[in-house]
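Shown next, in structure tokens, is the structure this report addresses.
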Amino acid sequence: MTINVVGLGYIGLPTALSLAAGGWSVVGTDQNKTLLGKLDSGEVTFEEKGLPELFLRAKESGNLSFSTCCVEADVYIVAVPTPYLKDSKRIDPKFVVAAVEDVLAVSPKGAIVAVESTIAPGTIDTCVRPLIAQKGLVCGRDVRIAHVPERIIPGNMLYELTHNSRTVGVDDPGVGETLKTVYRAFCKGDMVVTSIKTAEMTKVVENTYRDVNIAFANELARLCYRGDMDVNEIIRVANMHPRVNILSPGPGVGGHCISVDPWFLVGDYPDVVNLILQARRINDGMPAFVLERVSELMQKRGIRVSEVGFYGLTYKENVDDVRESPTLQLYDCMRRHLADGARFYDPMVKTTLVERQYFEFDAFLDGLKLVVVMVAHDEIRQSTQKLKNLLVFDTRNCVSGENVVKL
Ligand SMILES: NC(=O)c1ccc[n+]([C@@H]2O[C@H](COP(=O)([O-])OP(=O)(O)OC[C@H]3O[C@@H](n4cnc5c(N)ncnc54)[C@H](O)[C@@H]3O)[C@@H](O)[C@H]2O)c1
């Protein structure tokens, strides 16, 4: 069986490599020529534990090649971005539509098109099936459609790719069985075959569940600050209850999933959605809350903005993904209020994203009086000594000391 993976980003690349290393013949397609150039020269395109080694195994298998165009294959796996439209909050399906159109231009009769991208419930019906019909093709005969959403987390992608269970949404159980065989090349987890719309909704619900629960922790943090209570200690004690498991508060929610997917439900069901919308607002309000706290600390301690440094630009620890990151949201918020002059630093980020961004930890710290920890990278956890003469505002509850103020 030949598999064409369309979109070689955070999801498509490890999937393509795992399928090739697992024995299938794989062509990886991406429209980004720079990205393909890097892959062709043997470089991985983002940092992830074990990815270079997996790349090597996939190449040595002889099963892997890359192309800027879709090719003839038995199975297509589409892993392209799915943003939301800022005004309506509904999914913007343009990348999925374009990718499926490219696939349909070359797919042989009976090919399976499995969309891995996270999509709003109903997207296959409203955006993908009409493309098949437009081509004069019959869905279920000429093209068999599926939705196989991905659950992996950056930082632990390869472990989760292998061990997570997987949802396989199909019209026809036979297609589900073929896809199970395909994914069995690397997936040791359970594979649940269900309907396409259930698979679409399940994935969005999983991320929405996380968003709502993080929002609860964040609201507790704000409430406890107002009431002069220690939120982290309260959560620690409350979680000793056998049926309570409160998540950790933080400076906001970022990444390509949790901060995006709940909007699909808000956009499609505005008159029903209430809790989910409030959760989004609470989490999106956290960077501004962090800024308020920073401003209070500066006033109390007589610290100037040039003496403040924000540690961490990524959306989570030990990855280089900065999409929707709370620090970038905070940076935008500062700029809107004409506040300028603070420093930024992230050991995982090698390109310039903001003004006054440092690329060396000691140079970043030199001359600072207040460090705001936005991301719990291993480096900051191990740097208590370097921070001991500074005021630290720790929004991630990851450093300790008398000089540390918590969220
Ligand atoms: N990143 C995650 O942690 C994660 C986890 C679970 C699910 N997802 C979902 O997976 C999907 C992909 O996310 P990602 O993080 O891999 O995105 P990404 O931006 O890292 O990668 C997408 C790739 O698709 C390519 N692309 C876009 N249109 C194309 C086309 N028509 N033909 C060929 N290539 C095309 C882009 O050039 C890019 O390289 C999204 O729906 C996302 O919500 C992501």
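Residue numbers for the sequence shown follow the working numbering, so the first one is 20 and each next one is one higher. All C-beta atoms, glycine included, are put in the ideal place defined by N, C-alpha and C.
Query	Result
Once DSSP output is grouped into helix, strand and coil, what is the label at residue 448?	Examination of residue 448 is not possible in this model, given that the chain is present from 20 through 426 alone.
Ligand 1 heavy atoms versus the CB of residue 49: any closer than 7 Å?	yes
Take residue 285 as the anchor and find which of 107, 126, 207 has the nearest alpha-carbon.	107
Can you look up residue 142 in the DSSP assignment and give me helix, strand or coil?	helix
Taking residue 345 and residue 330 to be in contact with their CB atoms under 8 Å, please state how far apart those CB atoms are, rounded to whole angstroms.	About 12 Å; that fails the 8 Å criterion.
Between residue 230 and chain D, is any beta-carbon pair separated by less than 8 Å?	Among the chains of the structure shown, chain D does not appear; only one protein chain is present.
Does residue 117 come out as helix, strand or coil in the three-state DSSP assignment?	helix
Determine whether the beta carbon atoms of residue 131 and residue 190 lie at a separation below 8 Å.	no
Name the DSSP bridge partner or partners of residue 29?	According to DSSP, residue 29 bridges with nothing at all.
Are residue 123 and residue 151 touching if we call contact CB-CB under 8 Å?	yes
Compute the minimum distance between the beta carbon of residue 114 and the heavy atoms of ligand 1, and state whether it is under 7 Å.	yes
Three-state secondary structure (DSSP) at residue 369?	coil
If distances are taken between C-alpha atoms only, which option among 278, 265, 182 comes closest to residue 101?	278
Report the residue ranges of all beta strand (DSSP E) runs contained in full by the stretch 347 to 401; include only those spanning at least 3 residues, in chain order.	362 to 364, 389 to 392
Among the residues of its own chain, which have a CB less than 8 Å from the CB of residue 181, if the five just before and after it don't count?	37, 205, 206, 207, 208
Which residues mark the beginning and the end of the beta strand (DSSP E) in which residue 323 is found?	Taken as a continuous stretch (DSSP letters only), residue 323 belongs to no beta strand (DSSP E), as it is neither H nor E.
Measure from the alpha carbon of residue 310 to the alpha carbon of each residue in 352, 287, 332, then state which is nearest.	352
Residue ranges of each alpha helix (DSSP H) run of no fewer than 4 residues wholly in the stretch 183 to 235, ordered along the chain?	192 to 202
Got a sec: does ligand 1 put a non-hydrogen atom nearer than 7 Å to the Cβ of residue 343?	no
At which residues does the beta strand (DSSP E) containing residue 56 begin and terminate?	Taken as a continuous stretch (DSSP letters only), residue 56 belongs to no beta strand (DSSP E), being part of the alpha helix (DSSP H) at 52 to 59.
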